[in-house]
Amino acid sequence: MTTVLVVGARSDIARAIARSYAGSGCELILAARSPDALAGDVADLKLRYGTAARAVAFDVLDTAQHGAFLDSLGELPDTMVCVVGLMGDQTQSEHDVAAADLVMRTNYTGPALLFAEAANRMVARGFGQLVGVSSVAGERGRARNYVYGSAKAGFTAYLSGLRQRLAQAGSKVRVMTVLPGFVRTSALADMETPGLLTAEPEEVAAAIRKAEAKGRERIYVRPIWRLVMAVIRSLPEPVFKKVKL
Amino acid sequence: MRTLSGWGRFPRAECRVVAPKGEVELRSAITSASSAIARGNGRSYGDPALNRETTLLLRHADRILDFDPATGRLEAESGVMLADIIATFLPRGWFVPVTPGTKFVTLGGMIAADVHGKNHHKAGSFGDYVESLELMLADGRVVRCSAGENPELFAATIGGMGLTGVIRSAVFRLIRVESAFIRQEILRTRDLAQTMEAFEALRDRSYSAAWIDCLARGRNLGRSILFCGEHARVEELPARQRSNPLAFAKRNARRLPPGIPGFALNSWTVKAFNQVYYAANRSGVKIVDYDRFFYPLDAILEWNRLYGPRGLLQYQCVLPKRKAAAGLTMMLEAVGRAGTGSFLSVLKLLGPGRGMLSFPMEGYTLALDFPANPRTLGLLSWLDAIVAAHGGRVYLAKDARMKPEMMDGYPEFAAFRKLRRAADPSGKFSSLQSQRLQL
Ligand SMILES: Cc1cc2nc3c(=O)[nH]c(=O)nc-3n(C[C@H](O)[C@H](O)[C@H](O)COP(=O)(O)OP(=O)(O)OC[C@H]3O[C@@H](n4cnc5c(N)ncnc54)[C@H](O)[C@@H]3O)c2cc1C
Ligand SMILES: NC(=O)c1ccc[n+]([C@@H]2O[C@H](COP(=O)([O-])OP(=O)(O)OC[C@H]3O[C@@H](n4cnc5c(N)ncnc54)[C@H](OP(=O)(O)O)[C@@H]3O)[C@@H](O)[C@H]2O)c1
């Protein structure tokens with residue numbers, strides 16, 4: 031039986047990912063700060079897919095406890111998906127150090143250090159998969175969300191380096207970077223976004239499962255985002271400075 | 304802020320949208336708002352799921368919470384999609400007791416509009432299968448409502464268009480089916496009298512609804528194709544489906560190309576469609592899958608865009624049986640004269656209703672689609688007058704434009720209002736529709 035741990039399990043993206051794995055017969059461990067709020071999700075996975083699921087408490091900011099958290103799960107999961115993130119309010123993050131710090135730690139140091147502990151354990155075991163949900167916002171810092179974007183950039187770079195290190199060490203442990211564009215989640219409910227660039231949470235899950243099957247390690251959720259980000263990355267700095275994106 | 308509309312894309316409004324993740328978030332959204340309305344999947348046609356200050360998007364709250372395979376008793380959060388319920392339970396031999404003509408509706412929306420299906424004459428409306436529900440009130444309290452607990456609030460919430468509070472979850476019963484298929488019978492009729500006779504003669508069929516050619520006039524006025532159906536038993540299926548009667552091919556819905564011009568549906572194309580459709584459906588019996596029988600429109604995603612950027616107006620009314628023939632004749636004549644043509648016109652026999660703001664009442668219901676434009680608005684006011692004169696009523700889930708006087712068609716409206724005042728004294732729960740109709 032394949033076991034999948036999803037951290038940040040209350041996110042709609044995480045819920046779609048959990049359903050996708052449960053639909054393939056995997057056992058799910060859902061982790062969030064308040065596991066009580068996951069009781070409905072646990073029941074849902076069992077009733078829809080007939081698979082086992084349980085909820086556990088986890089705070090990504092509590093980095094000192096990450097190792098202990100993983101060891102408390104019993105067996106180390108086969109796959110770990112980190113969906114934890116925090117957009118924050120850009121304007122607030124510009125003026126309030128504590129707010130910016132929270133965004134940075136929630137998107138970068140917290141997830142990266144969790145994967146550090148997980149990777150070492152998976153390498154020792156000989157197999158495993160780490161899936162990190164980062165963001166296209168990390169591809170180039172933009173005025174409207176650079177505090178969040180820079181933290182996601184850190185996470186993306188961390189995943190890239192970790193992947194290379196494990197490959198060069200000949201480990202079978204795989205690392206996947208997921209770069210969603212806009213996703214129609216509860217968090218984005220009030221935001222008008224272009225339809226063509228906006229995915230449903232289920233599409234993120236489907237993209238991950240497809241990449242997993244095909245052995246892809248760095249994915250955009252809608253293919254069009256690869257193009258959009260290539261253009262944004264290639265703008266010369268003097269031009270980029272002036273455009274509103 | 305987001306621009307929202309109902310399925311008809313008329314009217315549109317800038318709304319602040321909040322999608323609460325759980326009970327705690329829902330409570331804080333409700334208590335901090337001065338005005339709010341629940342929204343499921345926005346498949347009502349007009350403005351009942353729109354509130355500029357706070358539109359509470361519930362479709363993410365879609366967990367299935369409990370199921371009893373012995374009785375078919377299902378408990379789920381209100382945002383669960385009908386399509387998901389079917390995909391999960393049909394393979395296990397269960398189906399919903401009542402379904403609207405699209406599966407892209409939420410459980411909450413089905414209860415709040417007390418939806419009816421092609422089986423209303425025999426099976427009643429969706430509300431008849433709801434055992435209990437959990438409702439969050441304007442002050443953030445969650446109350447359980449059922450026939451035994453808070454029975455008045457229960458009755459007012461079924462068909463209450465979100466105006467009593469937010470349905471968090473509900474318990475209802477599924478029905479057993481042997482297969483994923485329907486034994487469909489088609490009967491063509493020549494005129495309205497024959498259509499109504501056929502409905503009466505086929506009363507014992509589980510499902511029945513007629514597509515009515517609203518452009519046929521004179522002698523042919525009211526000519527229809529009547530579709531009846533029964534859940535197919537295993538031995539009725541073609542041999543190759545008998546070994547796996549609950550399996551069904553997933554149909555890939557198609558999307559319309561973007562930028563459909565507003566004139567794609569005009570009186571010419573509608574007339575041509577009606578002619579072809581009438582000619583193509585010969586009387587006879589065949590086995591079709593549930594999707595094709597119940598949800599033919601779901602095969603084309605976003606078909607509402609066929610009506611172009613101005614959107615569409617759907618009009619659905621019910622006339623009491625005694626006066627139905629006279630009233631329907633007047634309405635069809637009015638539609639014929641206006642020449643606008645309704646692409647999809649459906650006639651159906653309804654059984655007795657459950658009161659409050661629930662739409663169904665014993666009689667004939669007619670549903671018509673028109674492009675949203677000033678001419679249509681004029682025609683619909685005229686149809687309102689015919690409905691009122693014949694003691695009928697208009698369906699709130701389809702309405703985007705009627706006047707408060709039309710609420711006279713709901714005899715328990717005053718009682719509903721009283722209950723609503725008691726549950727929500729400040730009138731926090733309100734929609735553009737409830738404001739327009741002074742509900
Ligand atoms: C193609 C098509 C065919 C249809 N066929 C039929 C039919 O055959 N029979 C029929 O009866 N209807 C039919 N309808 C109408 C549809 O079933 C109803 O409008 C239904 O309410 C839509 O559900 P929704 O989840 O999209 O709700 P929405 O449109 O989002 O909301 C509808 C109403 O329900 C309220 N509501 C939604 N969720 C909650 C909640 N959790 N708590 C409290 N209130 C809530 C809203 O406030 C609003 O007043 C059809 C619609 C379409 C588009
Ligand atoms: N939506 C988009 O358009 C989009 C686009 C690109 C990338 N993403 C990324 O996709 C992920 C999910 O996004 P979403 O839209 O679903 O937003 P979301 O609901 O806010 O998801 C973030 C999740 O992280 C959890 N979390 C935050 N701080 C935590 C902590 N200290 N410890 C443990 N968990 C914590 C949250 O838990 P609570 O629910 O308990 O608060 C929440 O479940 C995020 O990483 C986001 O950056 C989203």
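Chains as they are written, first to last, in the numbering used here: chain A, 31 to 275; chain B, 304 to 742.
Even for Gly, the Cβ is constructed at its ideal location relative to N, Cα and C.
Within 10 Å of its beta-carbon, does Ala260/A have 16 or more other beta-carbons around it, so buried, or fewer, so exposed?
exposed
Is Pro210/A near ligand 2, going by C-beta to nearest heavy atom under 7 Å?
yes
Just the chain B side, please: which residues come within less than 8 Å of Arg40/A by C-beta, in chain order?
Lys324 and Gly325
Cβ of Ala217/A versus every heavy atom of ligand 3: is any distance shorter than 7 Å?
Although ligand 3 was asked about, the structure shown includes only ligand 1 and ligand 2 as ligands.
Please find out if some non-hydrogen atom of ligand 1 comes closer than 7 Å to the beta-carbon of Trp764/B.
No statement about residue 764/B is possible, as the shown extent of chain B runs from 304 to 742 and does not include it.
Bridge-paired residues (DSSP) for Pro224/A:
Pro224/A is not bridged to any residue.
Tell me which residues of the region 64 to 78 of chain A have at least one Cβ-Cβ distance to chain B shorter than 8 Å, keeping chain order.
Ala67, Gly70, Asp71, Ala73, Asp74, Leu77 and Arg78
Short of 8 Å in beta carbon distance, which residues of its chain neighbour Gly396/B, apart from the five on each side in sequence? Order them along the chain.
Arg479, Val480, Glu481 and Leu549
Assuming contact is defined by CB atoms lying nearer than 8 Å, are Thr467/B and Ala670/B in contact in what I supplied?
no
Taking 7 Å as the limit between beta carbons, can you name the residues of its chain near Asn137/A, skipping five residues before and five after?
Gly115, Leu116, Tyr178, Ala181, Lys182 and Phe185
Anyone know if the C-beta pair for Ala483/B and Tyr593/B falls short of 8 Å?
Yes.
By how many angstroms is the C-alpha of Gly420/B removed from the C-alpha of Gly404/B?
7 Å
Among the candidates Thr228/A, Ser41/A and Asn150/A, whose CA atom is the shortest distance from the CA of Val203/A?
The shortest C-alpha separation from Val203/A is found at Asn150/A.
Counting only runs that start and end within the region 670 to 711 of chain B, where is the alpha helix (DSSP H) found for 4 or more residues in a row?
677 to 692
With a threshold of 8 Å between beta-carbons, can Leu438/B be considered close to chain A, or not?
no
Output the residue ranges of the alpha helix (DSSP H) runs that lie fully inside the region 349 to 406 of chain B and measure 4 residues or longer, sorted by chain position.
At a cut-off of 4 residues, the continuous stretches assigned as alpha helix (DSSP H) that sit fully inside the region 349 to 406 of chain B are 385 to 392.
For chain A, check one thing: does any of its Cβ atoms lie closer than 8 Å to the Cβ of Ile603/B?
no
Please classify Gln159/A as buried or exposed, where buried requires at least 16 neighbouring CB atoms within 10 angstroms.
buried
Does the beta-carbon of Asp220/A, which I'm using as the reference point, lie nearer than 7 Å to any heavy atom of ligand 2?
no
Going residue by residue through the region 168 to 228 of chain A, where are the continuous alpha helix (DSSP H) segments of at least 4 residues, counting only ones entirely within it?
Annotation note: the region 168 to 228 of chain A contains the following uninterrupted alpha helix (DSSP H) runs of length 4 or greater, listed N- to C-terminal: 176 to 198.
DSSP beta-bridge partners for Gly587/B?
Its beta-bridge partners are Ile489/B.
Do three or more CB pairs link the region 612 to 619 of chain B to the region 304 to 312 of chain B at distances below 8 Å?
yes
Just checking, does the region 438 to 452 of chain B make contact with the region 672 to 683 of chain B on the three C-beta pairs under 8 Å criterion?
Three or more Cβ pairs closer than 8 Å define a contact, and the region 438 to 452 of chain B falls short of that threshold against the region 672 to 683 of chain B.
8 Å contact criterion, which Ser737/B and Asp417/B should meet: CB distance rounded:
Ser737/B to Asp417/B, Cβ: 16 Å. No contact.
Three-state secondary structure (DSSP) at Pro270/B?
Not covered by the structure: residue 270/B. The range shown for chain B is 304 to 742.
Quick check: Asp71/A and Ala39/A, are their CB atoms within less than 8 Å of each other?
Yes, Cβ-Cβ distance for Asp71/A and Ala39/A is below 8 Å.
Spatial neighbours of Tyr698/B within its chain, please: CB distance less than 6 Å, with the 5 preceding and 5 following residues excluded, ordered by chain position.
Gln619 and Phe662
Chain B partners of Ser216/A, CB-CB under 7 Å?
Ala322, Lys324 and His363
Could you pull out every residue in the same chain whose Cβ sits closer than 8 Å to the Cβ of Ala691/B, ignoring the five residues on either side in sequence?
The answer, listed in chain order, is Glu708, Met709, Asp711 and Gly712.
Neighbour flag for Glu380/B against chain A, beta carbons, 8 Å
The beta-carbon of Glu380/B is placed less than 8 Å from the nearest beta-carbon of chain A.
What residues in the region 219 to 241 of chain A have a beta carbon less than 8 Å from any beta carbon of chain B?
Ala219, Asp220, Met221 and Glu222
Ser290/B - DSSP class collapsed to helix/strand/coil:
The structure shown does not extend to residue 290/B, since chain B is modelled only from 304 through 742, so no value can be given for it.
Quick check: the region 317 to 336 of chain B against the region 357 to 370 of chain B, are there 3 or more CB pairs under 8 Å?
Yes, the region 317 to 336 of chain B is in contact with the region 357 to 370 of chain B.
Any non-hydrogen atom of ligand 2 within 7 Å of Gly656/B CB
no
Going by the C-beta, is Asp42/A closer than 7 Å to any heavy atom of ligand 2?
yes
Using a C-beta to C-beta distance shorter than 7 Å, which residues of chain A count as neighbours of Arg355/B?
Simply none; closest approach about 12 Å.
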